[in-house]
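Input: a single structure, listed below in structure tokens.
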Amino acid sequence: MNPIWPLVNSTLKLRNFRSDFDGLAENVYKEKGGIYGRAYVQKRLDRLDEVEEGGAKLSAKLRPSGQDDMSILAMQRLNNHMPNGPASPVDMILDYFKHDYEFAEPPRVTSLQNVVPLATFRDFGDDVYFVADQRGYEAVVHHLAGQYLKADKSGDIVDPRLQLNKVVREISHSGSGVAVKTEDDKVYKADYVMVSTSVGVLQSDLIQFKPRLPAWKILSIYQFDMAVYTKIFVKFPRKFWPEGKGREFFLYASSRRGYYGVWQEFEAQYPDANVLLVTVTDEESRRIEQQSDNQTKAEIVEVLRSMFPGEDVPDATDILVPRWWSNRFYRGTFSNWPIGVNRYEYDQLRSPVGRVYFTGEHTSEHYNGYVHGAYLSGIDSADILIKCAQKRMCKYHIPGKFD
């Protein structure tokens, strides 16, 4: 079982809903209005599934080291005989939904061997749930923290060891210990340090390591991808989109791949909220982060008026645009395993450097990019550190690149 599921569903009882993708073939909108026929879209979806099945068989035959790995796009070419991948608006949006909507980067970037079959779906099933709870998904983090940090009667963490709103700018390390310096010039000394920032932050200049991390470590950090995945919430004065069973998700088949393509309505989750969610990724995310919210709002309304030409689509009254890429504490949303990175570089990515240890979703062996990956990698990294600190088992073995 996914270790996060019992926390969400049983322990915290966070309000959540199964995402209903079953009617997707009936909800693909043309660029200038109208809906594609269900039979046609289903045929294209079935072909995509056939290609992915072929990719799974091919992936299983590749050597475990990763030296034979290829991109998902290369696999698609082998199975689909499309020289440049999906090209029609329908094929592009279905391809985007299958891959970018999951990994936040296109098939030409993503590693076949590490995502086909996808370990999360293979191990835990492919049902997806949306948390729609006022406590927020962060309630999971607070619950876990409350198991080992002091909390008051209301459950708020009050442990003096926890230092919030401290920006780490420098980590000095030697054979005898570490010193962590924050932006307010405070210094914290310890025997070891665990660095749990995103790989995007590690790729930035936010934290300086003294002495510098070795070349092999820096290279492994730079070779991984920090993807950008943006869920934009848009509020309207009234509904104008279809609702009901099989209508939760709908797609916009633009001739511009990834342009406001995947939509979700919230009739069940937030009744009468009149809110739509549209997801963009990668270059579109970066472009949108650099423009004003009003400009993004205008683009979204223009797309919706193209999708629903027979409806009186009003102007949006509010919008929420996350800016993960611009935020110096994230520099992206989650990691994606790119083509060219094999198990060797991954082992280097999570390997400690002296008394400096690393953890985070990007160090999860099978579930990078997911919350359960972050959770499980935290346990693994802590185990590696504890073995060194308490049992003097400090040697971390990295198999050769092609072992």
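At position 107 of the sequence shown (counting the first as 1) the number is 107 in UniProt numbering, and the numbers step up by one without a gap.
All C-beta atoms in this analysis are idealised placements derived from N, C-alpha and C, irrespective of residue type, glycine included.
Only a predicted model underlies this, so the values are computations on that prediction, with no experimental measurement involved.
Starting from residue i, follow the alpha helix (DSSP H) in both directions and report where the run begins and ends.
i, result
"Leu219", "Ala215 to Gln223"
"Arg122", "Ala119 to Phe124"
"Thr296", "Asp293 to Met307"
"Val140", "Ala139 to Ala145"
"Leu162", "Element bounds for Leu162: n/a, residue is neither H nor E."
"Tyr40", "Arg38 to Lys61"
"Val201", "Val199 to Gln203"
"Val371", "Val371 to Lys391"
"Ser90", "The sequence as given places Val at residue 90; Ser does not occur at that position. Here the alpha helix (DSSP H) through Val90 covers Pro89 to Asp95."
Just curious, the beta strand (DSSP E) that residue i is in, first and last residue?
i, result
"Tyr260", "It is not in any beta strand (DSSP E) - Tyr260 carries neither H nor E in the DSSP assignment."
"Asn16", "Asn16 to Arg18"
"Gln208", "Gln208 to Lys210"
"Val275", "Val275 to Thr281"
"Tyr346", "No beta strand (DSSP E) holds Tyr346; the alpha helix (DSSP H) holding it covers Arg343 to Arg350."
"Leu251", "Phe249 to Tyr252"
"Val356", "Val356 to Phe358"
"Val131", "Tyr129 to Val131"
In the DSSP assignment, what residue or residues form a beta bridge with residue i?
i, result
"His173", "Val178"
"Ala227", "Phe334"
"Leu320", "Phe233"
"Lys189", "Ala179"
"Met70", "According to DSSP, Met70 bridges with nothing at all."
"Thr110", "Pro338"
"Val195", "Phe358"
"Tyr29", "Ile35 and Tyr252"
"Ala151", "Ile157"
"Val168", "Thr182"
"Val115", "The partner list for Val115 (beta bridge, DSSP) is empty, contrary to what the question assumes."
"Val353", "Val356"
Take the Cβ of residue i as the centre, count every other Cβ of all protein chains shown within 10 Å, and call the residue buried at 16 or more, exposed below.
i, result
"Pro399", "exposed"
"Arg287", "exposed"
"Ser292", "exposed"
"Val8", "buried"
"Arg328", "exposed"
"Gln264", "buried"
"Tyr40", "exposed"
"Phe334", "buried"
"His397", "exposed"
"Gly187", "According to the sequence shown, residue 187 is Val rather than Gly. With fewer than 16 Cβ atoms within 10 Å of its Cβ, Val187 is classed as exposed."
"Val158", "exposed"
"Asp205", "exposed"
"Tyr148", "exposed"
"Leu219", "exposed"
"Pro89", "buried"
"Phe266", "buried"
"Leu164", "exposed"
To which residues of the same chain is residue i closer than 7 Å at the C-beta, ignoring the five residues directly before and after it?
i, result
"residue 487", "The structure shown does not extend to residue 487, since the chain is modelled only from 1 to 403, so the question has no answer here."
"Arg257", "Met92 and Tyr96"
"Ser326", "Glu289"
"Gln113", "Ser59, Leu62, Gly66 and Asp69"
"Thr363", "Leu349, Arg350, Ser377 and Ser381"
"Val301", "Val313, Asp315 and Ala316"
"Pro322", "Thr230 and Lys231"
"Ala168", "Ala is not the amino acid found at residue 168; the sequence shown has Val there. Excluding residues within five positions, the ones whose Cβ falls inside 7 Å are Val180, Thr182 and Ile207."
"Ala190", "Gly177 and Val178"
"Lys30", "Tyr36 and Ala253"
"Val303", "Tyr252 and Tyr260"
"Lys57", "none"
Just to confirm my understanding: we take residue i, look at its own chain, exclude 5 residues before and 5 after, and list those with CB closer than 8 Å. What are they?
i, result
"Pro3", "His372, Tyr375 and Leu376"
"His143", "Leu7, Thr11 and Leu12"
"Gly175", "Gly354 and Arg355"
"Phe17", "Tyr129, Phe130, Ala132, Ala268 and Gln269"
Could you tell me how far apart the beta carbons of residue i and residue j are, in whole angstroms, since I believe they sit closer than 8 Å?
i, j, result
"Ala227", "Thr281", "7 Å"
"Ser19", "Val128", "4 Å"
"Gln269", "Val341", "Incorrect: roughly 36 Å between the Cβ atoms, too far for contact."
"Asn27", "Gly55", "The Cβ separation is near 26 Å, so there is no contact."
"Gly125", "Arg355", "With a Cβ gap of about 40 Å, Gly125 and Arg355 do not count as contacting."
"Asn294", "Lys235", "Incorrect: roughly 14 Å between the Cβ atoms, too far for contact."
"Tyr192", "Tyr357", "6 Å"
"Arg135", "Leu14", "7 Å"
"Ser154", "Pro107", "That belief does not hold up - the Cβ atoms of Ser154 and Pro107 are roughly 47 Å apart, past 8 Å."
"Gly360", "Thr120", "Wrong, their Cβ atoms sit about 16 Å apart, outside the cutoff."
Apart from the five residues on each side of it in sequence, which residues of its chain come closer than 6 Å, Cβ to Cβ, to residue i?
i, result
"Pro237", "Pro314 and Thr317"
"Lys217", "Val353"
"Val201", "Arg331"
"Pro309", "Gly33"
"Lys297", "Ala316 and Ile319"
"Phe103", "Thr110 and Asn336"
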